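Numbering (my numbering), first residue to last: -12 to 336.
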């Protein structure tokens, strides 16, 4: 049902919100779980292929929705590998759209992506070192061609950011954008023999892995069979083994470490009353809204969800969810109505 819901959302936005990005096809969580750069790229694009196939099977023309697909990647510390990954991603997606789907609009070939610096690379030990890590990752993302960027705060490994650390993270990308000059050129490292060769290597590795995913039936089957999980778990194990052995240096953690703690004097402390205040707000909402209208809207969500099981990829579920939101149903209530039909999520592993 999940694929049908996504394709239904794509159908809805293509028809009613043609300039809306219906989905951010994410590799960030894949990389944070321990995937390599090649695996992150391959599995993310394979997921994109699955969504595109579902939308085409539901009757949408590829050029009607492909220009609005967007992607979301992590950026790690291997500076040139990350740049190569982003360059390879654009190359591969353009080829897949043209060769496998026959997309004719140049906008359909473009891989538009957001990048977030990698939380899993940041250390609790000597936390100020994370400013350097984030700056390198952000610079690699920009040199690789990202359209938007999120920089993590230096205290990511310890807590949610304070106002001060969040501001420093923002200033990091602003310095890159407005002082470094690297954003003035579309592909500043294009033509570098090393970067071009590394881009080719990453692209070949990712293309081979995409073909393996396709051979077993596509991304949905790869998730259900544990194919993704096995690859990611093996890579995560190798990485951690190398860190534990000292074969991979993490500055301030397993080498060049000091004894004076994290170096972050103030961490964010969340007010314990936040939850109580939010519960009070929801109680007031439920007391003042039209609950007959809400109940009718939730019934429509359930009916649309049942119908989508018979005809995946139709926009009725999104229409019903929008109606529910306008009736002031809460996110939990809308999700609950969907859960009544589809059941709770069960990990395929």
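Note that CB positions come from ideal geometry on N, CA and C, so glycine has one too.
Predicted model, so just to flag it, every value in this text is computed and none were measured.
Residue j beta carbon less than 8 Å from that of residue i
i           : j           : result
residue -5  : residue 301 : yes
residue 134 : residue 99  : yes
residue 92  : residue 109 : no
residue 124 : residue 249 : no
residue -9  : residue 299 : yes
residue 340 : residue 169 : With the chain represented from -12 up to 336, any question about residue 340 goes unanswered, as that position is not in the structure.
residue 70  : residue 21  : no
residue 314 : residue 284 : yes
residue 206 : residue 37  : yes
residue 60  : residue 102 : yes
residue 33  : residue 63  : no
residue 202 : residue 79  : no
residue 107 : residue 220 : no
residue 309 : residue 295 : no
residue 148 : residue 83  : no
residue 200 : residue 75  : no
residue 95  : residue 49  : yes
residue 251 : residue 114 : yes
residue 306 : residue 15  : no
residue 292 : residue 325 : yes
Under the three-state DSSP convention, the category residue i falls into
i           : result
residue 100 : strand
residue 130 : helix
residue 243 : coil
residue 313 : helix
residue 238 : strand
residue 185 : helix
residue 136 : strand
residue 203 : coil
residue 11  : strand
residue 160 : helix
residue 191 : helix
residue 331 : coil
residue 112 : coil
residue 91  : coil
residue 303 : helix
residue 250 : coil
residue 340 : As displayed, the chain neither begins before -12 nor continues past 336, which places residue 340 out of reach and without an answer.
residue 179 : coil
residue 149 : coil
residue 121 : helix
residue 79  : helix
residue 318 : helix
residue 298 : coil
residue 229 : helix
residue 105 : coil
residue 213 : coil
residue -7  : helix
residue 169 : helix
residue 143 : coil
Buried or exposed (CB count within 10 angstroms, at least 16 for buried), residue i
i           : result
residue 117 : buried
residue 318 : exposed
residue 142 : buried
residue 288 : buried
residue 7   : exposed
residue 52  : buried
residue 272 : exposed
residue 160 : buried
residue 162 : exposed
residue 278 : exposed
residue 246 : exposed
residue 165 : exposed
residue 311 : buried
residue 244 : exposed
Worksheet item: Are the stretch 26 to 46 and the stretch 212 to 232 touching, with three or more C-beta to C-beta distances below 8 Å?
Response: Segments in contact, yes.
Practice prompt. Please list the segments of the alpha helix (DSSP H) lying wholly inside the stretch 18 to 68, counting only runs of 4 or more residues, in order along the chain.
Written response: Residue ranges of uninterrupted alpha helix (DSSP H) with 4 or more members, entirely inside the stretch 18 to 68 and ordered along the chain, are 24 to 44, 49 to 52.
Discussion item. Count Cβ pairs between the stretch 47 to 65 and the stretch 1 to 17 that sit closer than 8 Å; are there 3 or more?
Written reply: Touching, yes.
Discussion item. Using 8 Å as the cut-off, can you tell me whether the stretch 173 to 186 makes contact with the stretch 148 to 157, which would need three or more C-beta pairs spanning the two stretches below that distance?
Written reply: As far as the Cβ criterion goes, the stretch 173 to 186 does not touch the stretch 148 to 157, which means the pair count is below three.
Fill in: Segments of 4+ residues assigned as alpha helix (DSSP H) that fall wholly inside the stretch 258 to 294
Every alpha helix (DSSP H) of 4 residues or more that sits fully in the stretch 258 to 294 is shown, in chain order, as 261 to 275.
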